[in-house]
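> Below is the structure I would like to discuss, written out as structure tokens.
In my numbering, the protein residues as written are 192 to 406.
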């Protein structure tokens, strides 16, 4: 069966507190794309499990270390099995021609063979991230700093355990953006403009499909 020609995939890695999820939500709303993050396991029918990244690194003293260094060479541990399920979920979605946005989960490497994928990394200054974390979780500044470091450590180690390229390295992504420079909303629309320039036909299709499908 011929694959759809309107497939669009957006992979976003982000520092904790940088507003990456907000940015992904705006992209998803504008481009009419589902956003996957911690809901992947629920889509796999495992509603009672925490997100696999939290299963891997519960604190800053990991209880195990992967022997494999690539997304194709997983170990047989329970945690690695969950990661493999997530990677397979992404590959299945992509191979079926689905369009979507994915936050984290090594997507820029798992799906790197897809020319319809745009990969972004969102960072920000600590001065931008810390107050956001404090407000969102009602934390003191000290608690927010500790949480920010812990989550960024998790994301970095999860990514680097499976991928050849390092988390946050500019060569992994089409565009790296500091959200504190423009704010989350304007940063989102900058990425939307990037998608419109790189994939004009796909952009036109996805921003207009809701109107067309409702006719």
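All C-beta atoms in this analysis are idealised placements derived from N, C-alpha and C, irrespective of residue type, glycine included.
Using CA coordinates, which residue listed in 347, 313, 308 is at the minimum distance from residue 387?
Taking the first residue of the chain shown as 1, we reach residue 387 at position 196. Out of 347, 313, 308, 308 has the C-alpha closest to the C-alpha of residue 387.
> How should residue 372 be labelled, buried or exposed, when 16 other C-beta atoms within 10 angstroms of its C-beta is the threshold for buried?
Within the chain shown, the letter at position 181 stands for residue 372. Exposed, since its Cβ has fewer than 16 Cβ neighbours within 10 Å.
> I'd like to know if the region 206-217 and the region 272-283 are in contact, where contact means that at least 3 CB-CB pairs between them fall below 8 Å.
Under the 8 Å Cβ criterion, the region 206-217 does not count as touching the region 272-283, having fewer than three qualifying pairs.
> Please report how far the alpha carbon of residue 375 lies from the alpha carbon of residue 315, in whole angstroms.
What you label residue 375 is simply residue 184 of the chain shown in a count that begins at 1. What you label residue 315 is simply residue 124 of the chain shown in a count that begins at 1. Computed Cα separation, rounded: 10 Å.
> CB residue 293 to CB residue 379, shorter than 7 Å?
The residue labelled residue 293 in the question sits at position 102 within the chain shown. The residue labelled residue 379 in the question sits at position 188 within the chain shown. No.
> Sort out for me which residues DSSP pairs residue 368 with in a bridge.
Locating residue 368 in the chain shown gives position 177, where the first residue counts as 1. Beta-bridge pairing links residue 368 to 313.
> Fully enclosed by the region 332-370, which alpha helix (DSSP H) runs are 4 residues long or longer?
332-353
> Measuring straight from C-alpha to C-alpha, what distance separates residue 313 and residue 385?
On the chain shown, residue 313 is found 122 positions in, with the first residue counted as 1. On the chain shown, residue 385 is found 194 positions in, with the first residue counted as 1. Whole-angstrom Cα-Cα distance: 14 Å.
> Which of the three DSSP states, helix, strand or coil, is assigned to residue 305?
Position 114 of the chain shown, counted from the first residue, corresponds to residue 305. Reduced to three states, the DSSP call for residue 305 is coil.
> Following the continuous beta strand (DSSP E) through residue 291, name the residue where it begins and the one where it ends.
Looking up residue 291 in the chain shown gives position 100. Residue 291 -> beta strand (DSSP E) spans 291-294.
> Just the C-alpha distance for residue 286 and residue 196, rounded to the nearest angstrom, thanks.
Position 95 of the chain shown, counted from the start, is the residue given in the question as residue 286. Position 5 of the chain shown, counted from the start, is the residue given in the question as residue 196. About 12 Å.
> So which of 220, 291, 310 has the shortest CA-CA distance to residue 198?
Residue mapping note: residue 198 aligns to position 7 of the chain shown, counting from 1. Of the listed residues, the one whose Cα sits closest to residue 198 is 291.
> Is residue 362 buried or exposed, if buried means 16 or more other CB atoms sit within 10 Å of its CB?
For the purposes of this step, residue 362 is identified with residue 171 of the chain shown, where counting begins at 1. Exposed is the call here.
> Figure out for me which residue from 276, 336, 296, 205 has the closest Cα to the Cα of residue 352.
On the chain shown, position 161 is the one that residue 352 refers to. Out of 276, 336, 296, 205, 296 has the C-alpha closest to the C-alpha of residue 352.
> Do you know offhand how far residue 306's Cα is from residue 204's?
Within the chain shown, the letter at position 115 stands for residue 306. Within the chain shown, the letter at position 13 stands for residue 204. Rounded to the nearest angstrom, the two C-alpha atoms are 18 Å apart.
> Alpha carbon to alpha carbon, what distance is there between residue 223 and residue 400?
Translated into the one-based positions of the chain shown, residue 400 becomes position 209. Translated into the one-based positions of the chain shown, residue 223 becomes position 32. Roughly 8 Å separates the two Cα atoms.
> Rounded to a whole number of angstroms, what is the C-alpha to C-alpha distance between residue 208 and residue 271?
As a working mapping, residue 208 is identified with position 17 in the chain shown. As a working mapping, residue 271 is identified with position 80 in the chain shown. Rounded to whole angstroms, residue 208 to residue 271 spans 26 Å at the Cα level.
> To the nearest angstrom, how far is it from the Cα of residue 333 to the Cα of residue 344?
Residue 333 sits at position 142 when you count from the first residue of the chain shown. Residue 344 sits at position 153 when you count from the first residue of the chain shown. Whole-angstrom Cα-Cα distance: 17 Å.
> In terms of residue numbering, what span does the alpha helix (DSSP H) encompassing residue 384 cover?
Here residue 384 refers to the residue found at position 193 when the chain shown is read from its first residue. Start and end: 375-389.
> Use the C-beta contact count for residue 355: other C-beta atoms within 10 angstroms, 16 or more gives buried, fewer gives exposed.
Numbered from its first residue, the chain shown carries residue 355 at position 164. With fewer than 16 other beta carbons inside 10 angstroms of its own, residue 355 counts as exposed.
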